[in-house]
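Q: This is the structure I have questions about; it appears just below.
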Ligand SMILES: [Zn+2]
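Residue numbers (my numbering): 1 to 184.
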């Protein structure tokens, strides 16, 4: 699109491969509202949709994300943004960043020491619905969750809940005693 060369500092849309005039500005981050990126109309709209995605995050997380995004190649989606199901399904991804990161592909099977676990430890992980690799700290926090969930008091004193809780306690003891799990 030829827009004439009258302006000395003509901005170009920052979306990759776009090349249109960057007439619309968007703030970098919530704490940098006077610093801008520039886009064409279509891409500033897309950018604003992405901005909504950042709504629940802190300014530093947003900035870190956008920094990682600067080359438009390797986005680092904040872990805290993951939700159940496909965490990326709800993200508006006009620039195909998700594809770049190989999202949606299953991770390769992990072969990093899980073979050292005893069968008791393996079944304890199953009971707590955890998977390797993990730390003692993660086991502990999962245990607390499950105790809350299966406590007989929370289940009208149900016998079933009591049995489940015993199973959870035993699994937790097994993993607490394990030397195969790092503390942190
Ligand atoms: Zn554009």
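In this text, a Cβ means the ideal position worked out from N, Cα and C, and glycines have one as well. Computed from a predicted structure; not experimentally measured.
#1: Report whether the distance from the Cβ of residue 15 to the nearest heavy atom of ligand 1 is below 7 angstroms.
#2: Is residue 32 helix, strand or coil by DSSP?
#3: State the Cα-Cα distance for the pair residue 104 and residue 157, rounded to the nearest angstrom.
#4: When the Cα of residue 177 is compared with those of 140, 115 and 18, which residue comes out closest?
#5: Just verifying my parser: in three-state terms, what is the DSSP assignment at residue 26?
#6: In this structure, does DSSP put residue 12 in helix, strand or coil?
#7: In the DSSP assignment, find the unbroken alpha helix (DSSP H) run with residue 174 in it and report its ends.
#8: Rounded to whole angstroms, what's the CA-CA distance from residue 60 to residue 32? Just pull it up for me.
#9: Would you give the residue range spanned by the alpha helix (DSSP H) that residue 154 belongs to?
#10: With 16 as the cutoff for other CB atoms within 10 Å, does residue 166 come out buried or exposed?
#11: Alpha carbon to alpha carbon, how far is residue 24 from residue 45?
#12: Straight-line CA distance for residue 124 to residue 50?
#13: Using a 10 Å radius around the Cβ and a threshold of 16 neighbouring Cβ atoms, would you call residue 76 buried or exposed?
#14: Name the residue from 159, 180 and 117 whose alpha carbon lies nearest to the alpha carbon of residue 136.
#15: For the candidate residues 21, 120 and 22, whose alpha-carbon lies nearest to that of residue 168?
#16: Does the beta-carbon of residue 43, which I'm using as the reference point, lie nearer than 7 angstroms to any heavy atom of ligand 1?
#17: The alpha helix (DSSP H) with residue 20 in it runs from where to where?
A: Well, looking at it:
#1: As a position in the chain shown, residue 15 is number 15, starting the count at 1. Checking every heavy atom of ligand 1 against the Cβ of residue 15, one is found closer than 7 angstroms.
#2: Along the chain shown, one-based indexing puts residue 32 at 32. Residue 32 falls in the coil class under three-state DSSP.
#3: As a working note, residue 104 is residue 104 in the chain shown. As a working note, residue 157 is residue 157 in the chain shown. Its pLDDT being 48, under 50, residue 104 is placed unreliably in this model, and the coordinates cannot settle the point.
#4: Sequence index remark: in the chain shown, residue 177 carries index 177 (1-based). Closest by alpha carbon: 140.
#5: Along the chain shown, one-based indexing puts residue 26 at 26. Of the three classes helix, strand and coil, the one that applies to residue 26 here is strand, per DSSP.
#6: The sequence position of residue 12 within the chain shown is 12, counting from 1. Residue state, collapsed to three classes: strand.
#7: The residue you call residue 174 lines up with position 174 of the chain shown. 159 to 176 is the span of the alpha helix (DSSP H), which, as asked, contains residue 174.
#8: Translated into the one-based positions of the chain shown, residue 60 becomes position 60. Translated into the one-based positions of the chain shown, residue 32 becomes position 32. Answer to the nearest angstrom: the Cα atoms are 10 angstroms apart.
#9: Along the chain shown, read from residue 1 onward, the residue named residue 154 stands at position 154. No alpha helix (DSSP H) holds residue 154; DSSP gives it neither H nor E.
#10: Here the question's residue 166 lines up with position 166 in the chain shown. Classification of residue 166: exposed, given that the 10 Å Cβ count is below 16.
#11: Residue mapping note: residue 24 aligns to position 24 of the chain shown, counting from 1. Residue mapping note: residue 45 aligns to position 45 of the chain shown, counting from 1. Between the C-alpha atoms of residue 24 and residue 45 there is a straight-line separation of about 9 angstroms.
#12: Taking the chain shown and counting its residues from 1, the one referred to as residue 124 is at position 124. Taking the chain shown and counting its residues from 1, the one referred to as residue 50 is at position 50. The alpha-carbon atoms of residue 124 and residue 50 are separated by roughly 41 angstroms.
#13: Within the chain shown, residue 76 is the residue found at index 76, counting from 1. Annotation note: pLDDT 47 at residue 76 (below 50); position unreliable, coordinate value reported separately. Residue 76 should be labelled exposed.
#14: Position 136 of the chain shown holds residue 136. Of 159, 180 and 117, the residue nearest in Cα terms is 180.
#15: As a position in the chain shown, residue 168 is number 168, starting the count at 1. Distances from the CA of residue 168 to each of 21, 120 and 22 were compared; the closest alpha carbon is that of 120.
#16: Residue 43 sits at position 43 when you count from the first residue of the chain shown. Residue 43 Cβ: within cutoff of ligand 1.
#17: Working through the chain shown from its first residue, we reach residue 20 at position 20. It is not in any alpha helix (DSSP H) - residue 20 carries neither H nor E in the DSSP assignment.
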